[in-house]
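S.K.: Per our numbering, the very first residue in the sequence shown carries number 693; after that it's consecutive.
I'd like to ask some things about the structure below.
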Amino acid sequence: MAERVCHISTAHPAEDIRIFYKECKTLADNGYEVYLVANYDRETIKDGVHIIPLPQNNGRFYRFFIKGFSAMKIALKTDSQIYHFHDPELIISGIILSFLGKKVIYDVHEDYAKSIMTREWIRPSLRNFISKCFNKFEKFSIKYFSKVIAARPDIAQNFSLEKTVTVRNMAILKLIDDVKPANVEKTKPAIIYAGGMNKIRGIKQIVEAVGLLKGEIELWLLGKWDSISYKDECVSLEGWKYTRDFGLVSVETAYSYMKRADIGIVNFLPAPNHNTTQPNKPFEYMTCSLPIVMSNFEYWQQLFKDCAVFANPKDPKDIAEKIKYLMQNKDYAKQLGCRGRLCVENNYSWEAESKVLLKVYEELLKK
(Lines of atoms letter the chains of each structure in order from A and count residues from 1; the text may use other names and numbers.)
(Lines give C-alpha, C1' and ligand atoms only; values in the text may rest on other atoms or scores of the structure.)
Protein backbone atom coordinates (compact mmCIF):
# COMPACT_ATOMS: atom_id res chain seq x y z
CA MET A 1 0.00 0.00 0.00
CA ALA A 2 1.27 3.48 -0.90
CA GLU A 3 2.34 5.82 1.90
CA ARG A 4 -0.21 8.61 2.34
CA VAL A 5 0.98 12.23 2.63
CA CYS A 6 -0.89 15.52 2.85
CA HIS A 7 0.23 19.00 1.81
CA ILE A 8 -1.61 21.99 3.28
CA SER A 9 -1.70 25.64 2.18
CA THR A 10 -4.13 28.40 3.08
CA ALA A 11 -2.30 31.20 1.23
CA HIS A 12 -1.38 29.58 -2.10
CA PRO A 13 -3.61 28.32 -4.91
CA ALA A 14 -3.70 24.55 -5.29
CA GLU A 15 -1.75 24.75 -8.56
CA ASP A 16 1.13 26.72 -7.04
CA ILE A 17 4.30 25.89 -8.95
CA ARG A 18 6.35 24.82 -5.90
CA ILE A 19 3.60 23.05 -4.00
CA PHE A 20 1.71 21.26 -6.77
CA TYR A 21 3.93 21.01 -9.85
CA LYS A 22 7.18 20.35 -8.00
CA GLU A 23 6.57 18.73 -4.64
CA CYS A 24 3.15 17.06 -4.87
CA LYS A 25 3.62 15.75 -8.42
CA THR A 26 7.11 14.48 -7.62
CA LEU A 27 5.74 12.52 -4.66
CA ALA A 28 2.80 11.17 -6.69
CA ASP A 29 5.12 10.14 -9.53
CA ASN A 30 7.22 8.22 -7.00
CA GLY A 31 4.40 6.11 -5.64
CA TYR A 32 3.03 8.20 -2.78
CA GLU A 33 -0.70 8.72 -2.25
CA VAL A 34 -0.77 12.52 -2.19
CA TYR A 35 -3.46 14.83 -0.84
CA LEU A 36 -3.39 18.61 -1.20
CA VAL A 37 -5.65 20.80 0.96
CA ALA A 38 -5.58 24.28 -0.62
CA ASN A 39 -7.54 26.99 -2.41
CA TYR A 40 -9.36 25.49 -5.39
CA ASP A 41 -12.82 25.55 -6.94
CA ARG A 42 -13.63 21.84 -6.61
CA GLU A 43 -12.49 18.49 -5.28
CA THR A 44 -10.64 16.55 -7.95
CA ILE A 45 -7.68 14.32 -8.76
CA LYS A 46 -5.13 15.97 -11.04
CA ASP A 47 -1.92 14.27 -12.18
CA GLY A 48 -2.28 11.76 -9.36
CA VAL A 49 -2.78 14.41 -6.64
CA HIS A 50 -6.05 14.46 -4.65
CA ILE A 51 -6.98 18.16 -4.37
CA ILE A 52 -9.37 19.02 -1.53
CA PRO A 53 -10.65 22.62 -1.69
CA LEU A 54 -10.82 24.95 1.29
CA PRO A 55 -13.92 27.04 2.09
CA GLN A 56 -13.75 30.29 0.13
CA ASN A 57 -13.24 33.35 2.31
CA ASN A 58 -10.57 35.87 1.35
CA GLY A 59 -10.71 38.05 4.46
CA ARG A 60 -7.34 38.55 6.13
CA PHE A 61 -8.76 37.85 9.63
CA TYR A 62 -10.30 34.58 8.43
CA ARG A 63 -7.06 33.54 6.71
CA PHE A 64 -4.83 34.20 9.72
CA PHE A 65 -7.05 33.09 12.60
CA ILE A 66 -9.65 30.61 11.32
CA LYS A 67 -8.67 29.13 7.96
CA GLY A 68 -5.68 27.25 9.35
CA PHE A 69 -7.82 25.28 11.77
CA SER A 70 -10.35 24.53 9.01
CA ALA A 71 -7.51 23.26 6.81
CA MET A 72 -6.14 21.12 9.65
CA LYS A 73 -9.53 19.50 10.30
CA ILE A 74 -9.88 18.66 6.60
CA ALA A 75 -6.30 17.38 6.41
CA LEU A 76 -6.75 15.10 9.43
CA LYS A 77 -9.51 13.25 7.60
CA THR A 78 -6.91 12.00 5.10
CA ASP A 79 -5.21 10.08 7.94
CA SER A 80 -1.80 10.68 6.36
CA GLN A 81 1.60 9.51 7.58
CA ILE A 82 3.19 12.91 6.88
CA TYR A 83 1.66 16.41 6.97
CA HIS A 84 3.58 19.04 5.01
CA PHE A 85 2.45 22.68 5.42
CA HIS A 86 3.49 25.77 3.49
CA ASP A 87 2.38 28.95 5.28
CA PRO A 88 3.38 30.69 8.54
CA GLU A 89 -0.26 31.03 9.58
CA LEU A 90 -0.37 27.22 9.74
CA ILE A 91 2.39 26.97 12.37
CA ILE A 92 -0.08 26.55 15.25
CA SER A 93 -1.98 23.91 13.28
CA GLY A 94 1.34 22.19 12.62
CA ILE A 95 2.11 22.14 16.35
CA ILE A 96 -1.32 20.62 17.07
CA LEU A 97 -0.71 17.94 14.43
CA SER A 98 2.59 17.18 16.14
CA PHE A 99 0.83 16.85 19.53
CA LEU A 100 -1.52 14.37 17.84
CA GLY A 101 1.48 12.20 17.01
CA LYS A 102 1.80 13.15 13.33
CA LYS A 103 5.03 13.66 11.42
CA VAL A 104 5.05 17.30 10.34
CA ILE A 105 7.15 19.19 7.77
CA TYR A 106 7.29 23.01 7.74
CA ASP A 107 8.12 24.25 4.22
CA VAL A 108 9.51 27.79 4.54
CA HIS A 109 9.14 29.65 1.23
CA GLU A 110 10.37 33.05 2.47
CA ASP A 111 12.25 34.71 5.29
CA TYR A 112 8.94 35.77 6.82
CA ALA A 113 10.42 37.91 9.58
CA LYS A 114 12.11 40.04 6.90
CA SER A 115 9.10 40.06 4.56
CA ILE A 116 6.93 41.51 7.35
CA MET A 117 9.04 44.66 7.06
CA THR A 118 7.62 45.32 3.57
CA ARG A 119 3.95 44.38 4.16
CA GLU A 120 1.97 47.49 3.25
CA TRP A 121 -1.11 46.40 5.20
CA ILE A 122 0.91 46.43 8.45
CA ARG A 123 1.35 49.87 10.00
CA PRO A 124 5.03 50.91 9.54
CA SER A 125 5.43 51.72 13.24
CA LEU A 126 4.46 48.13 14.12
CA ARG A 127 6.45 46.21 11.52
CA ASN A 128 9.70 45.92 13.47
CA PHE A 129 7.91 44.75 16.62
CA ILE A 130 5.77 42.20 14.75
CA SER A 131 8.81 40.98 12.81
CA LYS A 132 10.80 40.34 16.00
CA CYS A 133 7.85 38.61 17.70
CA PHE A 134 7.27 36.36 14.70
CA ASN A 135 10.96 35.52 14.45
CA LYS A 136 11.00 34.29 18.07
CA PHE A 137 7.73 32.39 17.66
CA GLU A 138 8.87 30.70 14.44
CA LYS A 139 12.19 29.58 15.97
CA PHE A 140 10.38 28.31 19.09
CA SER A 141 7.93 26.28 16.99
CA ILE A 142 10.61 24.32 15.11
CA LYS A 143 11.14 21.84 17.96
CA TYR A 144 7.65 20.46 17.33
CA PHE A 145 8.26 19.63 13.67
CA SER A 146 9.87 16.52 12.22
CA LYS A 147 11.66 18.49 9.49
CA VAL A 148 12.04 21.99 8.09
CA ILE A 149 12.39 22.42 4.33
CA ALA A 150 13.79 25.81 3.29
CA ALA A 151 13.40 27.20 -0.22
CA ARG A 152 16.78 28.98 -0.04
CA PRO A 153 20.12 28.43 1.72
CA ASP A 154 19.89 31.77 3.57
CA ILE A 155 16.48 30.74 4.98
CA ALA A 156 17.90 27.40 6.13
CA GLN A 157 20.51 29.27 8.19
CA ASN A 158 17.73 30.59 10.43
CA PHE A 159 16.94 27.11 11.76
CA SER A 160 18.49 24.10 13.47
CA LEU A 161 20.97 22.43 11.10
CA GLU A 162 20.04 18.88 12.06
CA LYS A 163 16.36 19.48 11.31
CA THR A 164 16.67 21.60 8.18
CA VAL A 165 17.31 20.84 4.52
CA THR A 166 17.23 23.16 1.51
CA VAL A 167 15.00 22.28 -1.43
CA ARG A 168 15.49 25.10 -3.90
CA ASN A 169 12.89 26.49 -6.29
CA MET A 170 14.40 25.29 -9.54
CA ALA A 171 12.77 25.05 -12.96
CA ILE A 172 11.17 21.81 -14.13
CA LEU A 173 12.98 21.05 -17.38
CA LYS A 174 10.51 18.50 -18.71
CA LEU A 175 7.45 20.65 -18.02
CA ILE A 176 8.96 23.65 -19.82
CA ASP A 177 10.44 21.63 -22.68
CA ASP A 178 7.06 20.02 -23.40
CA VAL A 179 5.45 23.45 -23.95
CA LYS A 180 5.36 25.02 -27.42
CA PRO A 181 5.82 28.78 -28.00
CA ALA A 182 2.60 30.77 -27.75
CA ASN A 183 0.76 31.51 -30.97
CA VAL A 184 0.67 35.25 -30.30
CA GLU A 185 1.16 38.02 -32.84
CA LYS A 186 4.41 39.90 -32.37
CA THR A 187 5.54 42.81 -34.54
CA LYS A 188 8.47 43.93 -32.38
CA PRO A 189 10.75 42.42 -29.71
CA ALA A 190 9.03 41.54 -26.43
CA ILE A 191 10.26 41.66 -22.85
CA ILE A 192 8.29 39.50 -20.44
CA TYR A 193 7.54 39.62 -16.73
CA ALA A 194 5.53 36.80 -15.13
CA GLY A 195 4.64 36.79 -11.45
CA GLY A 196 3.13 38.89 -8.68
CA MET A 197 2.20 42.40 -9.80
CA ASN A 198 2.94 44.75 -6.91
CA LYS A 199 5.11 47.69 -5.92
CA ILE A 200 7.91 45.65 -4.39
CA ARG A 201 8.36 43.77 -7.69
CA GLY A 202 9.10 47.05 -9.49
CA ILE A 203 6.40 46.78 -12.17
CA LYS A 204 5.93 50.55 -12.39
CA GLN A 205 9.63 51.05 -13.10
CA ILE A 206 9.53 48.41 -15.85
CA VAL A 207 6.59 50.15 -17.54
CA GLU A 208 8.40 53.50 -17.25
CA ALA A 209 11.52 51.98 -18.81
CA VAL A 210 9.53 50.61 -21.75
CA GLY A 211 8.02 54.08 -22.21
CA LEU A 212 11.51 55.56 -22.51
CA LEU A 213 12.22 53.18 -25.41
CA LYS A 214 9.40 54.76 -27.42
CA GLY A 215 7.95 51.64 -28.97
CA GLU A 216 11.21 49.82 -29.76
CA ILE A 217 10.02 46.94 -27.59
CA GLU A 218 6.74 45.84 -26.04
CA LEU A 219 6.19 44.60 -22.51
CA TRP A 220 4.24 41.43 -21.75
CA LEU A 221 2.83 41.15 -18.24
CA LEU A 222 1.48 37.85 -16.92
CA GLY A 223 0.11 37.69 -13.39
CA LYS A 224 -2.39 38.98 -10.88
CA TRP A 225 -2.36 42.58 -9.69
CA ASP A 226 -2.21 42.97 -5.92
CA SER A 227 -4.25 46.17 -6.01
CA ILE A 228 -6.38 48.09 -8.49
CA SER A 229 -4.80 51.39 -7.40
CA TYR A 230 -1.29 50.17 -8.25
CA LYS A 231 -2.46 48.88 -11.61
CA ASP A 232 -4.06 52.27 -12.29
CA GLU A 233 -0.70 53.94 -11.55
CA CYS A 234 0.96 51.75 -14.16
CA VAL A 235 -1.84 52.18 -16.72
CA SER A 236 -1.44 55.97 -16.51
CA LEU A 237 2.21 55.81 -17.61
CA GLU A 238 3.51 56.48 -21.13
CA GLY A 239 4.90 52.96 -21.34
CA TRP A 240 1.48 51.37 -20.93
CA LYS A 241 0.65 51.90 -24.60
CA TYR A 242 3.51 49.50 -25.36
CA THR A 243 2.30 47.00 -22.74
CA ARG A 244 0.13 43.90 -23.12
CA ASP A 245 -1.45 42.72 -19.88
CA PHE A 246 -2.40 39.05 -20.31
CA GLY A 247 -3.59 38.61 -16.72
CA LEU A 248 -3.25 35.50 -14.59
CA VAL A 249 -2.61 32.45 -16.76
CA SER A 250 -1.76 28.79 -16.19
CA VAL A 251 1.84 27.74 -15.62
CA GLU A 252 2.00 26.10 -19.05
CA THR A 253 0.62 29.21 -20.76
CA ALA A 254 3.18 31.39 -18.97
CA TYR A 255 5.98 29.17 -20.26
CA SER A 256 4.59 29.33 -23.79
CA TYR A 257 4.76 33.15 -23.67
CA MET A 258 8.30 33.03 -22.31
CA LYS A 259 9.31 30.91 -25.30
CA ARG A 260 7.83 33.53 -27.65
CA ALA A 261 9.45 36.51 -25.88
CA ASP A 262 12.96 37.87 -26.45
CA ILE A 263 14.03 39.03 -22.97
CA GLY A 264 12.97 38.19 -19.41
CA ILE A 265 12.98 40.71 -16.57
CA VAL A 266 13.07 40.46 -12.77
CA ASN A 267 13.03 43.95 -11.24
CA PHE A 268 12.54 43.41 -7.51
CA LEU A 269 13.05 46.59 -5.49
CA PRO A 270 15.52 46.53 -2.57
CA ALA A 271 13.97 44.91 0.51
CA PRO A 272 15.27 42.79 3.41
CA ASN A 273 13.75 39.66 1.90
CA HIS A 274 14.97 40.37 -1.65
CA ASN A 275 18.70 40.97 -1.35
CA THR A 276 19.58 37.28 -0.94
CA THR A 277 16.51 35.66 -2.46
CA GLN A 278 16.57 33.07 -5.25
CA PRO A 279 13.32 33.77 -7.10
CA ASN A 280 11.89 31.04 -9.27
CA LYS A 281 11.40 33.24 -12.31
CA PRO A 282 15.04 33.71 -13.47
CA PHE A 283 15.51 29.94 -13.60
CA GLU A 284 12.37 29.61 -15.72
CA TYR A 285 13.61 32.32 -18.11
CA MET A 286 16.97 30.55 -18.26
CA THR A 287 15.29 27.25 -19.11
CA CYS A 288 13.58 29.05 -22.00
CA SER A 289 17.01 30.38 -23.13
CA LEU A 290 16.06 34.00 -22.49
CA PRO A 291 18.64 36.67 -21.63
CA ILE A 292 17.54 38.48 -18.47
CA VAL A 293 17.52 42.04 -17.11
CA MET A 294 17.76 41.83 -13.32
CA SER A 295 18.01 44.05 -10.25
CA ASN A 296 21.64 44.81 -9.44
CA PHE A 297 21.69 43.16 -6.02
CA GLU A 298 25.21 41.97 -5.19
CA TYR A 299 24.05 38.40 -4.56
CA TRP A 300 22.20 38.26 -7.88
CA GLN A 301 25.21 39.63 -9.76
CA GLN A 302 27.26 36.72 -8.40
CA LEU A 303 24.63 34.04 -8.94
CA PHE A 304 23.40 35.08 -12.41
CA LYS A 305 26.53 36.74 -13.83
CA ASP A 306 26.71 34.39 -16.84
CA CYS A 307 23.14 34.86 -18.05
CA ALA A 308 21.92 38.36 -17.18
CA VAL A 309 22.62 42.08 -17.27
CA PHE A 310 21.93 44.17 -14.19
CA ALA A 311 20.24 47.52 -13.60
CA ASN A 312 19.26 49.74 -10.70
CA PRO A 313 15.66 48.55 -10.13
CA LYS A 314 14.55 52.00 -8.98
CA ASP A 315 15.93 53.76 -12.09
CA PRO A 316 13.78 53.36 -15.26
CA LYS A 317 16.50 55.02 -17.36
CA ASP A 318 19.09 52.43 -16.32
CA ILE A 319 16.60 49.60 -16.92
CA ALA A 320 15.83 51.00 -20.38
CA GLU A 321 19.54 51.23 -21.22
CA LYS A 322 20.10 47.58 -20.28
CA ILE A 323 17.09 46.46 -22.33
CA LYS A 324 18.35 48.46 -25.32
CA TYR A 325 21.84 47.00 -24.90
CA LEU A 326 20.45 43.47 -25.27
CA MET A 327 18.37 44.53 -28.28
CA GLN A 328 21.39 46.07 -30.00
CA ASN A 329 23.75 43.20 -29.14
CA LYS A 330 21.76 40.21 -30.29
CA ASP A 331 24.71 37.80 -30.41
CA TYR A 332 25.60 38.61 -26.80
CA ALA A 333 21.96 38.29 -25.77
CA LYS A 334 21.82 34.88 -27.43
CA GLN A 335 25.00 33.85 -25.58
CA LEU A 336 23.42 34.83 -22.26
CA GLY A 337 20.33 32.77 -23.09
CA CYS A 338 22.37 29.72 -24.09
CA ARG A 339 24.57 29.96 -20.99
CA GLY A 340 21.48 30.27 -18.81
CA ARG A 341 19.95 27.15 -20.31
CA LEU A 342 23.19 25.19 -19.83
CA CYS A 343 23.44 26.43 -16.26
CA VAL A 344 19.96 25.09 -15.46
CA GLU A 345 20.71 21.74 -17.07
CA ASN A 346 23.94 21.36 -15.08
CA ASN A 347 23.10 22.92 -11.72
CA TYR A 348 19.60 24.31 -11.31
CA SER A 349 16.95 21.83 -12.44
CA TRP A 350 14.06 20.54 -10.34
CA GLU A 351 14.87 17.09 -11.68
CA ALA A 352 18.05 17.17 -9.57
CA GLU A 353 16.54 19.07 -6.63
CA SER A 354 13.61 16.67 -6.27
CA LYS A 355 15.97 13.96 -5.04
CA VAL A 356 16.49 15.96 -1.84
CA LEU A 357 12.72 16.08 -1.24
CA LEU A 358 12.34 12.35 -1.79
CA LYS A 359 15.18 11.60 0.61
CA VAL A 360 13.48 13.66 3.34
CA TYR A 361 10.29 11.62 2.97
CA GLU A 362 12.12 8.31 2.89
CA GLU A 363 14.02 9.12 6.08
CA LEU A 364 10.92 10.33 7.96
CA LEU A 365 8.94 7.22 7.08
CA LYS A 366 11.74 4.99 8.40
CA LYS A 367 11.51 6.58 11.86
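Virtual Cβ for every residue (Gly too), placed ideally from N, Cα, C.
Would you mind sorting residue 875 into buried or exposed? The rule is 16 or more other CB atoms within 10 Å of its CB.
M.R.: Walking along the sequence shown from the start, residue 875 turns up at place 183. Exposed is the call here.
S.K.: Less than 8 Å between the beta carbons of residue 779 and residue 883, yes or no?
M.R.: Along the sequence shown, one-based indexing puts residue 779 at 87. Along the sequence shown, one-based indexing puts residue 883 at 191. No, the Cβ-Cβ distance between residue 779 and residue 883 is not below 8 Å.
S.K.: Kindly indicate which residue of 886, 864, 850, 851 has the alpha-carbon position closest to the one of residue 711.
M.R.: As a position in the sequence shown, residue 711 is number 19, starting the count at 1. The candidate whose alpha carbon is nearest that of residue 711 is 864.
S.K.: Figure out for me which residue from 793, 994, 987 has the closest Cα to the Cα of residue 1005.
M.R.: Here residue 1005 is taken as the residue at index 313 of the sequence shown, counted from 1. The shortest Cα separation from residue 1005 among 793, 994, 987 belongs to 987.
S.K.: Any idea which residues DSSP pairs residue 727 with across the strands?
M.R.: The residue you call residue 727 lines up with position 35 of the sequence shown. DSSP lists 698, 742 as partners of residue 727.
S.K.: State the Cα-Cα distance for the pair residue 889 and residue 801, rounded to the nearest angstrom.
M.R.: Within the sequence shown, the letter at position 197 stands for residue 889. Within the sequence shown, the letter at position 109 stands for residue 801. When rounded, the distance between both Cα atoms is 18 Å.
S.K.: Tell me whether residue 992 sits in a helix, a strand or coil according to DSSP, three-state version.
M.R.: For the purposes of this step, residue 992 is taken as the residue at position 300 of the sequence shown. The answer is helix: DSSP assigns residue 992 an H, G or I state.
S.K.: Please state if the CB of residue 1035 and the CB of residue 868 are separated by a distance shorter than 8 Å.
M.R.: Reading the sequence shown from its first residue, position 176 is the one you call residue 868. Reading the sequence shown from its first residue, position 343 is the one you call residue 1035. For residue 868 and residue 1035, no; Cβs fall outside 8 Å.
S.K.: Could you tell me which of 833, 826, 846, 842 sits nearest to residue 858, measuring between CA atoms?
M.R.: Stepping through the sequence shown from its first residue, residue 858 is reached at position 166. Ranking 833, 826, 846, 842 by Cα distance to residue 858 puts 842 first.
S.K.: Using only the alpha-carbon positions, how far apart do residue 970 and residue 747 sit?
M.R.: Here residue 970 corresponds to residue number 278 of the sequence shown, with the count starting at 1. Here residue 747 corresponds to residue number 55 of the sequence shown, with the count starting at 1. Their backbone Cα atoms lie some 32 Å apart in a straight line.
S.K.: Strictly by DSSP, which residues pair up with residue 705?
M.R.: The count along the sequence shown starts at 1 and reaches residue 705 at position 13. Its beta-bridge partners are 731.
S.K.: Check whether the stretch 909-921 touches the stretch 933-941, counting contact only when three or more Cβ pairs, one atom from each stretch, lie closer than 8 Å.
M.R.: These segments touch.
S.K.: Which residue's Cα is closest to the Cα of residue 855: 907, 831, 762?
M.R.: On the sequence shown, residue 855 is found 163 positions in, with the first residue counted as 1. That would be 831, whose Cα lies nearest to the Cα of residue 855.
S.K.: Taking contact to mean at least 3 C-beta pairs separated by less than 8 Å, is the stretch 1023-1039 in contact with the stretch 695-706?
M.R.: Cβ pair count under 8 Å is below three, so no.
S.K.: Leaving out the 5 sequence neighbours to the left and right, which residues in its chain are closer than 6 Å to residue 966 when beta-carbon positions are compared?
M.R.: Here residue 966 refers to the residue found at position 274 when the sequence shown is read from its first residue. Once the five neighbours on either side are set aside, the close Cβ partners of residue 966 are 960.
S.K.: Could you tell me if residue 912 is buried or exposed, where buried requires 16 or more neighbouring beta carbons within 10 angstroms of its beta carbon?
M.R.: Along the sequence shown, read from residue 1 onward, the residue named residue 912 stands at position 220. The residue in question, residue 912, is buried, as its Cβ has 16 or more Cβ neighbours within 10 Å.
S.K.: Just reading off the alpha helix (DSSP H) that residue 1042 is part of, what are its end residues?
M.R.: The count along the sequence shown starts at 1 and reaches residue 1042 at position 350. 1042-1058 is the span of the alpha helix (DSSP H), which, as asked, contains residue 1042.
S.K.: Helix, strand or coil for residue 969 per DSSP?
M.R.: In the sequence shown, the residue the question calls residue 969 occupies position 277. Residue state, collapsed to three classes: coil.
S.K.: Distance check for residue 1030 and residue 714, CA to CA, integer angstroms please.
M.R.: Counted from its first residue, the sequence shown places residue 714 at position 22. Counted from its first residue, the sequence shown places residue 1030 at position 338. If I take the Cα positions, the gap works out to 24 Å.
S.K.: Assess, as a yes-or-no matter, whether the stretch 761-779 is touched by the stretch 811-823 under the definition of 3 or more beta carbon pairs within less than 8 Å.
M.R.: The stretch 811-823 vs the stretch 761-779: no contact.
S.K.: Ordered along the chain, which non-local residues of its own chain (more than five positions away) have a Cβ less than 6 Å from that of residue 807?
M.R.: Along the sequence shown, read from residue 1 onward, the residue named residue 807 stands at position 115. Only 965 meet the Cβ criterion.
S.K.: Within a Cβ cutoff of 8 Å, which residues of the same chain sit near residue 740, ignoring the five residues on either side of it in sequence?
M.R.: Start at 1 with the first residue of the sequence shown, and residue 740 comes out as number 48. Around residue 740: 717, 720, 721, 726.
S.K.: Under three-state DSSP, which class holds residue 833?
M.R.: Taking the sequence shown and counting its residues from 1, the one referred to as residue 833 is at position 141. Helix, per DSSP.
S.K.: Which partner residues does residue 985 have in the DSSP bridge list?
M.R.: Sequence index remark: in the sequence shown, residue 985 carries index 293 (1-based). The partner list for residue 985 (beta bridge, DSSP) reads 957, 1001.
S.K.: With DSSP run on the structure shown, which of helix, strand or coil describes residue 939?
M.R.: In the sequence shown, counting from the first residue as 1, residue 939 sits at position 247. It is a strand residue.
S.K.: In or out: residue 737 buried (at least 16 other Cβ within 10 Å) or exposed?
M.R.: Sequence index remark: in the sequence shown, residue 737 carries index 45 (1-based). It counts as exposed.
S.K.: Under 8 Å between the Cβ atoms of residue 784 and residue 839?
M.R.: As a first step, residue 784 is located in the sequence shown; it is residue number 92 there, counting from the start. As a first step, residue 839 is located in the sequence shown; it is residue number 147 there, counting from the start. Going by C-beta atoms, residue 784 is not nearer than 8 Å to residue 839.
S.K.: List the residues that DSSP assigns as beta-bridge partners of residue 798.
M.R.: In the sequence shown, the residue the question calls residue 798 occupies position 106. Answer is 777, 840.
S.K.: With a threshold of 8 Å on Cβ separation, who are the neighbours of residue 851 within its own chain once the five nearest residues in sequence on each side are excluded?
M.R.: What you label residue 851 is simply residue 159 of the sequence shown in a count that begins at 1. Excluding positions up to five away in sequence, the list reads 800, 831, 834, 840, 842.
S.K.: Using DSSP with H/G/I as helix, E/B as strand and the rest coil, what is residue 932?
M.R.: One-based indexing of the sequence shown puts residue 932 at position 240. Helix, per DSSP.
S.K.: Could you check the C-alpha separation between residue 761 and residue 1043 for me, to the nearest Å?
M.R.: In the sequence shown, residue 761 corresponds to position 69, counting from 1. In the sequence shown, residue 1043 corresponds to position 351, counting from 1. The alpha-carbon atoms of residue 761 and residue 1043 are separated by roughly 34 Å.
S.K.: Between which two residues does the alpha helix (DSSP H) holding residue 1036 run?
M.R.: Numbered from 1 along the sequence shown, position 344 holds the residue referred to as residue 1036. Here the alpha helix (DSSP H) through residue 1036 covers 1022-1039.
S.K.: Could you have a look at residue 715 and say whether DSSP puts it in helix, strand or coil?
M.R.: Against the sequence shown, residue 715 aligns to sequence position 23. Helix at residue 715.
S.K.: Pull up the distance between the alpha-carbon of residue 887 and that of residue 822, whole angstroms please.
M.R.: Here residue 887 refers to the residue found at position 195 when the sequence shown is read from its first residue. Here residue 822 refers to the residue found at position 130 when the sequence shown is read from its first residue. For residue 887 and residue 822, the distance between alpha carbons rounds to 27 Å.
S.K.: Suppose you measure from the CA of residue 1049 to the CA of residue 860; what does that come to, to the nearest Å?
M.R.: Looking up residue 1049 in the sequence shown gives position 357. Looking up residue 860 in the sequence shown gives position 168. Cα to Cα, residue 1049 sits roughly 10 Å from residue 860.
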